[in-house]
Amino acid sequence: MPPRVDHKIEDGIETKRCGVCETYKELSQYHRVNNTWDGLFYACKECWQVARTSNTRKRAVEKYNGLRRRVSEDERYIKRGVQVRVSLEEFVDWYKHNYIAGGCVDRKNNDGHYEIGNMQMITHAEHNLKRRGDRLKSIAVVEAPGTRYCFDCGTIKRESDFYQTSITPTTSNPKSLKECCKDCAKEKRRKHYSDSKLK
Ligand SMILES: [Zn+2]
Ligand SMILES: [Zn+2]
Numbered sequence: 048m049p050p051r052v053d054h055k056i057e058d059g060i061e062t063k064r065c066g067v068c069e070t071y072k073e074l075s076q077y078h079r080v081n082n083t084w085d086g087l088f089y090a091c092k093e094c095w096q097v098a099r100t101s102n103t104r105k106r107a108v109e110k111y112n113g114l115r116r117r118v119s120e121d122e123r124y125i126k127r128g129v130q131v132r133v134s135l136e137e138f139v140d141w142y143k144h145n146y147i148a149g150g151c152v153d154r155k156n157n158d159g160h161y162e163i164g165n166m167q168m169i170t171h172a173e174h175n176l177k178r179r180g181d182r183l184k185s186i187a188v189v190e191a192p193g194t195r196y197c198f199d200c201g202t203i204k205r206e207s208d209f210y211q212t213s214i215t216p217t218t219s220n221p222k223s224l225k226e227c228c229k230d231c232a233k234e235k236r237r238k239h240y241s242d243s244k245l246k
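Going by our numbering, the sequence shown runs without a break in its numbering and finishes at 246.
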């Protein structure tokens with residue numbers, strides 16, 4: 048954090064020096080924060096916006112390189128012939144408009160490519176649930192209403208045999224149930240404790 052620089056009164060208006068562009072601007076040109084001496088962010092709104100945009104771009108480029116790597120090195124993608132059919136600039140633009148904090152780039156149709164129209168930004172929780180649906184399909188398990196499959200013990204159980212979690216309910220998991228059944232959850236906890244005792 049840059050050192051404290053006192054506000055200046057210019058033409059009867061209180062101004063603050065931006066730590067980035069170093070110009071004095073009206074206080075309304077700064078975002079409010081609660082960890083600085085004057086309750087204002089050290090950089091002006093304009094500079095903050097520029098920094099934010101370039102950070103988003105940086106993240107987008109990293110994601111893009113990650114996708115390219117994935118489709119050329121990961122067997123599961125190679126087998127399915129998944130390709131990145133979007134240029135870096137197209138991707139960066141798409142990413143900026145669809146960005147959500149902590150989100151990941153998902154393909155709507157799992158057999159489709161990374162291309163505009165088949166990409167969507169979803170949260171990791173949603174992504175895991177989508178993967179759950181795909182995994183069930185791959186082992187031909189159909190969950191009847193009120194039942195849920197536990198991947199740990201490979202059993203279809205009643206929904207009441209699963210603990211509820213604090214994760215946000217979604218359409219595919221409206222009751223926020225845990226991935227594994229109560230028995231498996233207890234077993235995991237027991238194992239965890241006995242493992243930690245050994246250390
Ligand atoms: Zn500035
Ligand atoms: Zn289980």
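Using N, Cα and C, we set each Cβ at its ideal position, and we do this for glycine too.
As assigned by DSSP and simplified to three states, the class of residue i
i, result
"cysteine 197", "strand"
"threonine 215", "coil"
"threonine 70", "coil"
"lysine 184", "helix"
"tryptophan 57", "What sits at residue 57 in the sequence shown is glutamate, not tryptophan. Three-state result, glutamate 57: strand."
"threonine 202", "strand"
Residue interval of the beta strand (DSSP E) (run including residue i)
i, result
"threonine 62", "60-64"
Per-residue burial, residue i [other beta carbons within 10 Å of its own, 16 or more giving buried]
i, result
"lysine 63", "buried"
"glutamate 226", "buried"
"asparagine 145", "exposed"
"tyrosine 161", "buried"
"cysteine 68", "exposed"
"tyrosine 240", "exposed"
"arginine 99", "exposed"
"cysteine 200", "exposed"
"asparagine 220", "buried"
"leucine 114", "buried"
"arginine 79", "exposed"
"alanine 107", "buried"
"arginine 6", "Outside the shown range of the chain, which is 48 to 246, sits residue 6, and nothing can be said about it."
"arginine 195", "buried"
Alpha-carbon spacing of residue i relative to residue j, whole angstroms
i, j, result
"lysine 233", "alanine 172", "22 Å"
"methionine 168", "tyrosine 111", "13 Å"
"lysine 184", "leucine 224", "19 Å"
"glutamate 73", "isoleucine 60", "7 Å"
"valine 189", "threonine 212", "22 Å"
"lysine 204", "phenylalanine 198", "11 Å"
"lysine 177", "phenylalanine 138", "22 Å"
"threonine 170", "tryptophan 141", "16 Å"
"cysteine 228", "lysine 126", "32 Å"
"glycine 159", "tyrosine 77", "44 Å"
"glutamate 122", "alanine 191", "33 Å"
"serine 119", "aspartate 153", "17 Å"
"histidine 54", "isoleucine 147", "35 Å"
"glutamate 109", "glycine 149", "14 Å"
"asparagine 82", "valine 97", "22 Å"
"tyrosine 124", "isoleucine 214", "29 Å"
"methionine 166", "histidine 174", "12 Å"
"lysine 92", "serine 101", "14 Å"
Residue i: CB within 8 Å of a non-hydrogen atom of ligand 4
i, result
"threonine 70", "Although ligand 4 was asked about, the structure shown includes only ligand 1 and ligand 2 as ligands."
CB contact below 9 Å: residue i versus chain E
i, result
"asparagine 82", "Looking at the structure shown, chain E is missing, and only one protein chain is on hand."
My parser needs the alpha helix (DSSP H) runs of 4 or more residues fully inside the stretch 121-172; what are they? 122-127, 135-145
Please specify which runs of the alpha helix (DSSP H), each continuous and at least 4 residues long, are wholly inside the stretch 80-126, giving them in chain order. 92-120
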